[in-house]
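These notes concern the structure reproduced below.
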Amino acid sequence: MLNYHKSKNSLILAIFSLFLSGSFFIVSPVKADDPKLTINHPSMEAKYVSQSILDPITLEAGKETTIILKFKNIGAETWPTIGRKFISAYTMEPRDRASLFTSQNWINAKQTGPINKSTKPGEIADLAIVLKAPSKLGEYTEEFHLASENYGWVKGGYFFLKIKVAPAKKEEVAVLKEITNFSATKFLQSPKAISAGGGEQIKLVVGFQNKGDKLWTKYAIVANQPISLASVSNRLSFADELWKSGLVVLEKEMNVPPEGFLRETFYFRTPVVEGEYIAKFYLQADGETLSDVYAEVPVTVTSNAPDYYQTPYGSDAAIIPVSYHLDSEPRIRVGLWQPPSYAQFRSEEADYDVYDGTLKMGVLPAGKLGVLMRKDNQYYFRGGDLEFSSDNYIRLSPVDNPRAIFNILNYNRIVSWKGPGNFNYYRGAVEYRLGEVKTDALWIINDLLLEDYMIGIAENGNASPPEYLRAQAVAQRSYAFATIKADKYGVFDVVATTGDQLYLGQKSEEIMLNFVAGVKDTRGMMATYNGEVVTTPYYAHAVCRTYSWAEKWGGAIKPWLVSVKTNYDCQNYSAMLGHGVGMSQMDASRRATAEGLSWQDLVKYYYTGVEIERIYE
Numbered sequence: 011m012l013n014y015h016k017s018k019n020s021l022i023l024a025i026f027s028l029f030l031s032g033s034f035f036i037v038s039p040v041k042a043d044d045p046k047l048t049i050n051h052p053s054m055e056a057k058y059v060s061q062s063i064l065d066p067i068t069l070e071a072g073k074e075t076t077i078i079l080k081f082k083n084i085g086a087e088t089w090p091t092i093g094r095k096f097i098s099a100y101t102m103e104p105r106d107r108a109s110l111f112t113s114q115n116w117i118n119a120k121q122t123g124p125i126n127k128s129t130k131p132g133e134i135a136d137l138a139i140v141l142k143a144p145s146k147l148g149e150y151t152e153e154f155h156l157a158s159e160n161y162g163w164v165k166g167g168y169f170f171l172k173i174k175v176a177p178a179k180k181e182e183v184a185v186l187k188e189i190t191n192f193s194a195t196k197f198l199q200s201p202k203a204i205s206a207g208g209g210e211q212i213k214l215v216v217g218f219q220n221k222g223d224k225l226w227t228k229y230a231i232v233a234n235q236p237i238s239l240a241s242v243s244n245r246l247s248f249a250d251e252l253w254k255s256g257l258v259v260l261e262k263e264m265n266v267p268p269e270g271f272l273r274e275t276f277y278f279r280t281p282v283v284e285g286e287y288i289a290k291f292y293l294q295a296d297g298e299t300l301s302d303v304y305a306e307v308p309v310t311v312t313s314n315a316p317d318y319y320q321t322p323y324g325s326d327a328a329i330i331p332v333s334y335h336l337d338s339e340p341r342i343r344v345g346l347w348q349p350p351s352y353a354q355f356r357s358e359e360a361d362y363d364v365y366d367g368t369l370k371m372g373v374l375p376a377g378k379l380g381v382l383m384r385k386d387n388q389y390y391f392r393g394g395d396l397e398f399s400s401d402n403y404i405r406l407s408p409v410d411n412p413r414a415i416f417n418i419l420n421y422n423r424i425v426s427w428k429g430p431g432n433f434n435y436y437r438g439a440v441e442y443r444l445g446e447v448k449t450d451a452l453w454i455i456n457d458l459l460l461e462d463y464m465i466g467i468a469e470n471g472n473a474s475p476p477e478y479l480r481a482q483a484v485a486q487r488s489y490a491f492a493t494i495k496a497d498k499y500g501v502f503d504v505v506a507t508t509g510d511q512l513y514l515g516q517k518s519e520e521i522m523l524n525f526v527a528g529v530k531d532t533r534g535m536m537a538t539y540n541g542e543v544v545t546t547p548y549y550a551h552a553v554c555r556t557y558s559w560a561e562k563w564g565g566a567i568k569p570w571l572v573s574v575k576t577n578y579d580c581q582n583y584s585a586m587l588g589h590g591v592g593m594s595q596m597d598a599s600r601r602a603t604a605e606g607l608s609w610q611d612l613v614k615y616y617y618t619g620v621e622i623e624r625i626y627e
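Here's what the structure looks like:
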């Protein structure tokens, strides 16, 4: 908590300007001078830049919205986002009062959450404030001041928000109330686990209790999120011929009042392939799936089903060999290139929105050249009908096609051993901004969907065995996703070189068709250990064994990265090429051919104890 003498607040008018020969610059409004507070550390100084929603901010009673305010660090000290001296905002006038608009992202009722990143002098930080409107209608002024925790007030850190609380829309309130009424618990399941041959019929008894405050008029039991820990197959299914459909076990019109019970007996079939599986059956009440209420049955299939056995409902009832951790495909940010002075951008097939940070400035049409530059601590953009400068980074994002192709014209990226031509075509969005970690150099950052990044990786031979290429796709995708979570570089996730993975973009897709097929065959699949996606390094070849993580790099033991034999490397190489941890590419390629191993077998051989899960569809 901060403890400083109170003083009065003074306001000045916001100032806007548009100028300079057809070019225009937006000068963010200065909300106010500092209140007359005691500024013990003038090296901590801020300049208000902008906010995502202009005053007055209209909120429906009881609803939330997020306001992102931008502040430039114009002092001499770096602003932390964690630990001692982190930057947040306290309520003002009166100081340290409990705000009527506090929400869960606040530290407490008088203090917002921290800024989004460690912010060096000259950089811009975002302060995201989730405002939850009170029930009382009217117009409010919420006043704040930036502070460095346990250190002092930030000079220039005063700001205010004008907020209008309007009546809530009745229809939306009704929908929200309807959803919150559905709740249930499972009180019965028999059996808890089963072991049987492939294609056998299994009896399951389940019971659920209505723990909400709404009468159910109908219910269903569905298998719409099954999980398999085995190989992919469109013949793998839990469906029984008695089910209503390939994924709907049963449906009934029956009243179940609050605190009431339902009990059902039904049958399912074991998958046709020997292995370990998990069957999940979910409850639906009046069409609403209760995703946290289910019967879960570990299934051990001891032998393959007879050849004559036909899976009920065919491929429509196929088991998805995964547990979904994400609702949608993630994006990855690639540190692509450090341009010496400027970068030239051109879209090959789509219009691109052009942003000053998060503020949209206009559209760069397909085929038009855009020039990005930084000089005298300012970013500059010129292209089409747009021309502006900014304190923020510059972003170009495809208008309606997230997989659109663009070209960095002055990026000379020749990789002769991968093929002729210049590898300077990429998919998705691009940003031009300063790096945060290890270097303050300017970067061209490629922001794109993870699967588009995957098909642009060029670390394999296109003629390699298909099962090996699928195994490599899983290893490379797992590595990328684990690196995203590690936050190695700040404003981007991975570099486009072998420092992480050799990413050559769209032109690599054209010469790596077999690898692209392997990526598509394993979409969303990653290696997990104890339910978490893990880092999965790989390298060219070993001698006779791989190294464990601890042997090579020390630190905590990673149980999935232990030493395993690389017999095919031992027969062919007298020296190691690469770091020696994880999958040996040459050994895995030869093992796939000589032993007829599947891609699942290869992944689980080099990464001990992992499971393979599809993290997203």
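Residues in the sequence shown are numbered consecutively from 11, following the numbering used here. Glycine residues also receive a C-beta, built at the ideal position from the N, C-alpha and C atoms. All of these numbers come straight from a predicted model, not from anything done at the bench.
- In terms of Cα proximity to Ile84, the closest of Glu441, Leu47, Lys127, Ile134 is Ile134.
- Taking 9 Å as the cut-off, the Cβ atoms of Tyr389 and Ile418 do not count as close.
- With contacts defined by Cβ atoms closer than 9 Å, Lys95 and Tyr150 do not form a contacting pair.
- By the C-beta density criterion, Leu300 is buried, having at least 16 other C-beta atoms within 10 angstroms.
- Secondary structure within the region 413-437: the beta strand (DSSP E) runs of 3 or more consecutive residues, fully enclosed, are 415-418, 435-437 (chain order).
- Taking the Cα positions, Phe398 is about 54 Å away from Asp296.
- Rounded to whole angstroms, Ala119 and Pro104 show a C-alpha spacing of 13 Å.
- The region 592-607 and the region 535-554 touch, with three or more beta-carbon pairs separated by less than 8 Å.
- Burial check for Asp597: the Cβ neighbour count within 10 Å reaches 16 or more, so the residue is buried.
- Residue pairing from DSSP leaves Met464 without any beta-bridge partner.
- Pairing Ala560 with Ile567, the inter-Cα distance amounts to about 6 Å.
- Short of 8 Å from the beta carbon of Gly217, and not among the five residues preceding or following it, lie these beta carbons of its own chain, in chain order: Lys196, Phe197, Leu198, Gln199, Phe271, Leu272, Arg273, Glu274.
- Looking from the CA of Val307, the closest CA among Pro322, Ile212, Leu396 belongs to Ile212.
- Contact check for Arg533 against Glu461 passes: the beta carbons are separated by less than 9 Å.
- Here the region 610-623 makes contact with the region 564-583; the two share three or more CB pairs at distances below 8 Å.
- Put simply, the backbone Cα of Ala203 is about 20 Å away from that of Asn540.
- Apart from the 5 residues on each side of it in sequence, Leu260 sits with its Cβ closer than 8 Å to the Cβ of Ala230, Ile231, Trp253, Lys254, Glu274, Phe276 in its chain, given in chain order.
- Nearest in C-alpha terms to Ile173, of all of Pro66, Arg423, Ser357, is Pro66.
- Around the beta carbon of Glu519, a 10 Å sphere encloses 16 or more other beta carbons of the protein chains shown; the residue is thus reported as buried.
- According to DSSP, residue pairing for Arg356 in a beta bridge involves Leu379, Asn417.
- Separation of the CB atoms of Ser158 and Met54 is rounded to 5 Å, and the pair is thereby assigned contact status at 8 Å.
- When Cβ pairs closer than 8 Å are counted between the two stretches, the region 347-367 is seen to touch the region 408-422, the count reaching three or more.
- Cβ-Cβ separation between Arg279 and Pro322: approximately 7 Å, consistent with a contact (criterion under 8 Å).
- Nearest in C-alpha terms to Val140, of all of Ile125, Leu147, Glu441, Arg341, is Ile125.
- Pairing Val613 with Ala56, the inter-Cα distance amounts to about 51 Å.
- Bounds of the beta strand (DSSP E) holding Gln388 are 388-393.
- Spanning the alpha carbons of Gly222 and Val215 requires a straight line of approximately 22 Å.
- Rounded to the nearest angstrom, the gap between the Cα atoms of Trp427 and Gly515 is 15 Å.
- In chain order, Lys575, Thr576, Asn577, Asp579, Cys580 place their CB closer than 8 Å to the CB of Cys554, counting only its own chain and leaving out the 5 sequence neighbours on each side.
- Assigned with DSSP and collapsed to three states, Phe248 falls in coil, not helix or strand.
- For the alpha helix (DSSP H) assignment, the uninterrupted runs of no fewer than 4 residues enclosed by the region 534-615 are, from N- to C-terminal side, 559-563, 577-582, 595-605.
- Judged by DSSP in its simplified three-state form, Gln482 adopts helix.
- Taken in chain order, the unbroken stretches of alpha helix (DSSP H) that lie wholly in the region 154-229 and span 4 residues or more are 180-190.
- In this structure Ala451 is exposed. Its beta-carbon is surrounded by fewer than 16 other beta-carbon atoms within 10 angstroms.
- According to the DSSP assignment, Glu520 belongs to the alpha helix (DSSP H) that extends over 516-521.
- For Thr151, the three-state secondary structure derived from DSSP is strand.
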